[in-house]
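Heads up, the thing below is written out as structure tokens.
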Amino acid sequence: MDERGAPRVARFKAYYTELEQGRTYAWCRCGLSRSQPYCDGRHRGTDFKPVRYRADTRGEEVLFCGCKHTKTPPFCDGSHNNLLSDYPEDDPGSEANRRVPEVTPAEDARSVLNGGGYVFSTDRARKARRGALRYCTVIGPEHGSIHQSQFHFETGSGDPTVIAFGERDVVLFMTEGDAEVTISGRTFAAQTRSGVYVAPGEAFSVAGRNGGATVRFLASACPRAAGPEWPDRMPDNFDATKPERVVPLDPAQRQGMASRYFQMLVDGSVGSKVVTQFIGHIPLSKAEPHRHLYEEALIILTGAGCMWTENLKARVGAGDVVFLPRKQLHSLEATSPEGMLVVGTIYPGDNPAINY
Ligand code: FES
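Residues 31 to 386 in the working numbering are what the sequence shown spells out, letter by letter.
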């Protein structure tokens, strides 16, 4: 406990733990325990009490809070990021990092990193045609994804093609061009860099608003899908219980994370039950290597940098997409002076600030 009566920070990140089913855990709330993250009785005489958690499901993986400032005890909620003036960083020029070899894109436009992670170049990728659309798979079961799939689309002139992904949550990100997005019969204006939600069972089409100018967008489907479906016509089963579908960029919605920020785009507040989308800014820096309990697709919107895993790295730039399996050690470095703007799609989990 510090002089203000606040809990002592045991460490500035979470403790990853695989729980034993049926066991109850006593999480240390005061920060004084010497067997973190668990209580050892040292809270006696303070106002703090341990928080108990019973593990009811088999193979449950959790992140117990290490900083003791979480608002969702006993689990990390990312508050640790804001206890430090700077986001934990790593030196790309260190002796160990200088020995890390760089991988380059293979025939299939992927630069393969450790643990099944990779960087995908949407510019280099061969694209299939469907009506006025050109498209390719960015992330899918064939590339090792467990939870989500992602597809890159480019519209052309002519009637918009109807696309569907069955009973899955679908989130779109408009990377280039202002669009008209029709979702099961209801049409929305979607500016560049906005997120769009398509509910399970619905279908959608995308057309350029400015005289059919090309629109580029990425569609993430969750659970994962082998590929898009092509209904003959637009159904009229729009889920009116979720009326708001387009989330534009809004600086007022930014959440700080030390020297970085992010804004939630499509999430539970729009109706997405499973997959969460956010946009964030990374300043000129290299993050300390870390992991997440979610599977992540990271679209590089602006700037240049490098994606590092255990002992491989690959360059990234605008238009590239990074795929990271759950628990994959990684570190994103921004090398451009203005930093990088990125869009993440994550599942399972709904908070990009949680890491360990
Ligand atoms: S470790 Fe405390 S909030 Fe993350």
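Backbone N, C-alpha and C fix where the C-beta goes; we use that ideal spot for every residue, glycine too.
Environment of residue i [buried if 16+ CB atoms lie within 10 Å]
i: Q221; result: exposed
i: P80; result: buried
i: A108; result: Contrary to the premise, residue 108 reads as Gly rather than Ala in this sequence. Buried: at least 16 other Cβ atoms inside 10 Å.
i: L113; result: exposed
i: D262; result: exposed
i: S299; result: exposed
i: W338; result: buried
i: T134; result: exposed
i: Q180; result: buried
i: S65; result: exposed
i: A282; result: exposed
i: R246; result: buried
i: T167; result: buried
heavy atom of the ligand FES below 7 Å from residue i C-beta
i: H99; result: yes
i: H322; result: no
i: K303; result: no
i: V120; result: The sequence given here places Asp at residue 120; Val does not occur at that position. Flag unset: Cβ of D120 not near the ligand FES.
i: D107; result: yes
i: G379; result: no
i: G96; result: yes
i: H110; result: yes
i: A44; result: yes
Coil, strand or helix - residue i by DSSP
i: A255; result: coil
i: G335; result: strand
i: A44; result: coil
i: Q283; result: helix
i: S109; result: helix
i: E172; result: helix
i: S145; result: Here the sequence assigns Gly to residue 145, which means Ser is not the residue at that position. Helix.
i: D380; result: coil
i: Q358; result: coil
i: D350; result: strand
i: G225; result: strand
i: V373; result: strand
i: L342; result: coil
i: R140; result: strand
Limits of the beta strand (DSSP E) - the one that residue i falls within
i: R82; result: V81 to R84
i: A317; result: First-last for A317: undefined, no H or E at that position.
i: T134; result: Note, T134: premise wrong, no beta strand (DSSP E); not H, not E.
i: D199; result: D199 to E206
i: G96; result: That residue, G96, is in no beta strand (DSSP E); it is neither H nor E in DSSP.
i: A237; result: A233 to G238
i: M264; result: Taken as a continuous stretch (DSSP letters only), M264 belongs to no beta strand (DSSP E), as it is neither H nor E.
Residue i - containing alpha helix (DSSP H), residue span
i: A126; result: E125 to R128
According to DSSP, residues forming a beta bridge with residue i
i: L49; result: Beta-bridge pairing links L49 to no other residue.
i: S187; result: Answer is none; S187 lacks a bridge partner.
i: W57; result: Y68 and V81
i: S214; result: Beta-bridge pairing links S214 to no other residue.
i: Q178; result: DSSP output for Q178 lists no bridge partner at all.
i: R164; result: R159 and E184
i: T365; result: Paired residues: none, contrary to the question.
i: G310; result: F292 and V372
Within-8 Å CB hit, residue i to chain D
i: E48; result: Protein chains in the displayed structure number just one, and chain D is not present.
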